[in-house]
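Q:
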Amino acid sequence: MSAHPMFNSPTLETEATPMTNAVYGSTPGQSAAVPTQPGTAALRPVDSKRVTELIGQLLAALGEDPEREGLVDTPARVASWWSSFLSPEPFAMVTSFTETRLSAQLVVVGGMSVWSLCEHHLLPMNLEVAIGYLPDGEVIGLSKFGRIAQRYAGRLQVQERFTRQVAEEIAGVVGGKDVAVAVRGTHLCMSMRGVRMEAARTTTLQVGGLFKHDPVLSQQFLTIAAGQRGAL
Ligand SMILES: [Zn+2]
1 MSAHPMFNSP TLETEATPMT NAVYGSTPGQ SAAVPTQPGT AALRPVDSKR VTELIGQLLA
61 ALGEDPEREG LVDTPARVAS WWSSFLSPEP FAMVTSFTET RLSAQLVVVG GMSVWSLCEH
121 HLLPMNLEVA IGYLPDGEVI GLSKFGRIAQ RYAGRLQVQE RFTRQVAEEI AGVVGGKDVA
181 VAVRGTHLCM SMRGVRMEAA RTTTLQVGGL FKHDPVLSQQ FLTIAAGQRG AL
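Residues in the sequence shown are numbered from 1 upward in steps of one, following UniProt numbering.
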């Protein structure tokens with residue numbers, strides 16, 4: 001399943017875990033491989049004061065002098081970054097519009113890029129996201145897709161769970177299962193450590209409803225999404 005036209009770069013498995021690289025054919029809500037847990041629970045507020053102290057201790061433990069010029073403000077700066085990263089916009093309800101004559105039209109919103117943090121290494125991962133769905137009387141405002149992606153990116157994540165969470169949220173909003181989400185991830189935990197495969201990309205695809213059962217539709221989604229991704 002790694003030969004989808006959407007993904008031109010070499011597709012590799014990033015983590016040495018049993019998780020599959022391409023999550024193809026799993027229906028939202030049925031993903032047994034990724035248990036429902038961390039990423040779905042409401043996060044507690046960040047204790048910035050404590051984070052500041054701990055970053056200072058981390059610098060010392062790393063053999064640095066936290067008091068030296070250049071590092072003296074780093075703990076507070078890092079704490080402030082954590083706070084903003086983990087506190088994206090308040091969880092606003094995503095609204096949909098009734099448009100009964102749009103049934104069966106394929107809508108693809110692609111070219112979205114969000115940054116998240118890999119929960120295994122606390123290193124950044126860039127996630128390029130394309131979302132497709134078939135409106136069944138309900139359409140989502142186009143600007144909402146990026147917000148949904150941003151919200152699930154703003155936490156400690158794994159790409160597979162991110163893909164599923166976005167697909168489930170879209171399915172919930174449109175009230176149907178005809179949803180496809182493709183994500184192409186660049187993981188710094190792979191690019192800058194260990195094997196240093198800078199060109200490596202991880203692809204995940206979650207499809208439901210007609211996208212799961214109609215290969216032509218699924219292919220159309222991937223082709224359009226690839227076109228929207230640009231020449232990266
Ligand atoms: Zn990682």
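Beta carbons are placed, not taken as given, at the ideal position from N, Cα and C, and that holds for glycine.
Count the other CB atoms within 10 Å of the CB of E160; is the residue buried (16 or more) or exposed (fewer)?
A: E160 is buried by the Cβ-count criterion.
Q: Taking C-beta to C-beta, are V174 and D214 nearer than 8 Å?
A: No, they are not a contact pair.
Q: Would you say E128 and V158 are within 8 Å of each other, going by their C-beta atoms?
A: No.
Q: Taking only three categories from DSSP, how would you classify H120?
A: It is coil, neither helix nor strand.
Q: Measuring CB to CB, does L123 end up less than 8 Å from C189?
A: Yes, the pair counts as a contact, with Cβ atoms nearer than the cut-off.
Q: Rounding to the nearest angstrom, what Cα-Cα distance links S48 and A76 in this structure?
A: In a straight line, the C-alpha of S48 is about 8 Å away from that of A76.
Q: Is any heavy atom of ligand 1 found at a distance shorter than 7 Å from the C-beta of L123?
A: True, at least one ligand heavy atom lies under 7 Å from that Cβ.
Q: What does the Cβ neighbour count give for L62, buried or exposed, with the cut at 16 atoms within 10 Å?
A: L62 should be labelled exposed.
Q: If you compare alpha carbons, which of G141, R147, F162, A171 is closest to T203?
A: Ranking G141, R147, F162, A171 by Cα distance to T203 puts F162 first.
Q: What whole-angstrom Cβ distance do A225 and V107 have, given they're in contact under 8 Å?
A: Not confirmed; about 12 Å, so no contact.
Q: So what does DSSP say about L205, is it helix, strand or coil?
A: If DSSP states are grouped into helix, strand and coil, L205 belongs with the strands.
Q: Any heavy atom of ligand 1 inside 7 Å of the beta-carbon of H213?
A: Checking the Cβ of H213 against ligand 1 gives no.
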